[in-house]
Amino acid sequence: MAIKADFHMHTSFSGDSSAPMETMIQKAVSLGLTHICITEHYDPDYAYAPGEEGMFELNTDSYLYELLKLREKYKNQISVGFGVELGLQPHLKRQLAVYSKSHDFDFIIGSSHICNRRDPYYPAFFEGRSEDEAHHEYFEAVLECVKSLPYFDVYGHLDYVVRYGPTKNAQYTYAKHADVFDKILTYLIENEKSIELNTGGFRAGLGQPNPCVDILKRYRALGGEIITVGSDAHTPDEIASHFDEACDILKTCGFRYYCIFQSRMPEYFKL
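Residues in the sequence shown are numbered consecutively from 16, following the working numbering.
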């Protein structure tokens, strides 16, 4: 496996994972990874479904305490980064600005889980309209977030919405939304932000990562060079999943390096 760093994973400090942090680290070591970054969910004002509450209200101090203990324990086996996945919503501008500076993070992913107070994870997001219309609403919301909330290093799973539609990505293409995608990618590049290749798309049955290969190609064609690779693992068996495919895709798209982040600064590793 050429890619030795998984920079998107969750443990029991995220509300949607029950995996102990040490178990995740041990699995990464067993796979021969040299670097990982834990990126717990911090998704304030999440639009919870009925009966849900508080899943993504991260206790960052407790999380950091555990991470520092395990970082020291495994320091001779693997580098463990302190990261977070910020749930971006435009009305949270001040809150996210303060939070992003509240700790010495190594890495911050910005993600759009909520679009206009709805999560595409739930079928209601797609009801009463075509998938193309639902997708476009989501991508327009992403564009608003990248322009108004610059508190991240890498934008996560850029086309997250296609994981959950009625036909997943069967009817979805980059070309259908090229106008808004090009605005997103250009803005990110011009403002020294980047994207990730998230292999969770393979596990979701897309046959591709998030974002799709055409978006990765377009990002590279526009001059994007900084790219991280993350499994979006919530369980140990998902760590570094499909990383061989990810390596082949990056090379096909014209990338020669993948990146890790330490102290919010990218470091390059040859593919």
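Cβ atoms here follow ideal geometry from the backbone N, Cα and C, with glycine treated the same way.
How is A248 classed by DSSP in three states: helix, strand or coil?
Here A248 sits in strand by DSSP.
Which residues bound the alpha helix (DSSP H) around C262?
F258 to C268
Are there 16 or more other CB atoms within 10 angstroms of the CB of N131, so buried, or fewer, so exposed?
With fewer than 16 Cβ atoms within 10 Å of its Cβ, N131 is classed as exposed.
Top-ranked residue by Cα proximity to Y272, from F258, A20 and I242:
For the residues F258, A20 and I242, the minimum Cα distance to Y272 belongs to I242.
May I ask you to verify whether the stretch 170-184 touches the stretch 214-222, counting CB pairs closer than 8 Å and requiring at least 3?
yes
Does the contact criterion of 3 or more C-beta pairs under 8 Å hold for the stretch 127-147 versus the stretch 77-92?
no
Relative to the alpha-carbon of M24, which residue among T214, C268, L231 and L83 has its alpha-carbon at the smallest distance?
Nearest to M24 by alpha-carbon distance, out of T214, C268, L231 and L83, is T214.
Keeping to the same chain, check which residues put their C-beta closer than 7 Å to that of K232; ignore five residues upstream and five downstream.
C268
Could you tell me whether the Cβ atoms of A17 and L286 are closer together than 9 Å?
yes
Among Q277, Y114 and E253, whose alpha-carbon lies nearest the alpha-carbon of S32?
E253
Which of the three DSSP states is assigned to S77 in this structure?
helix
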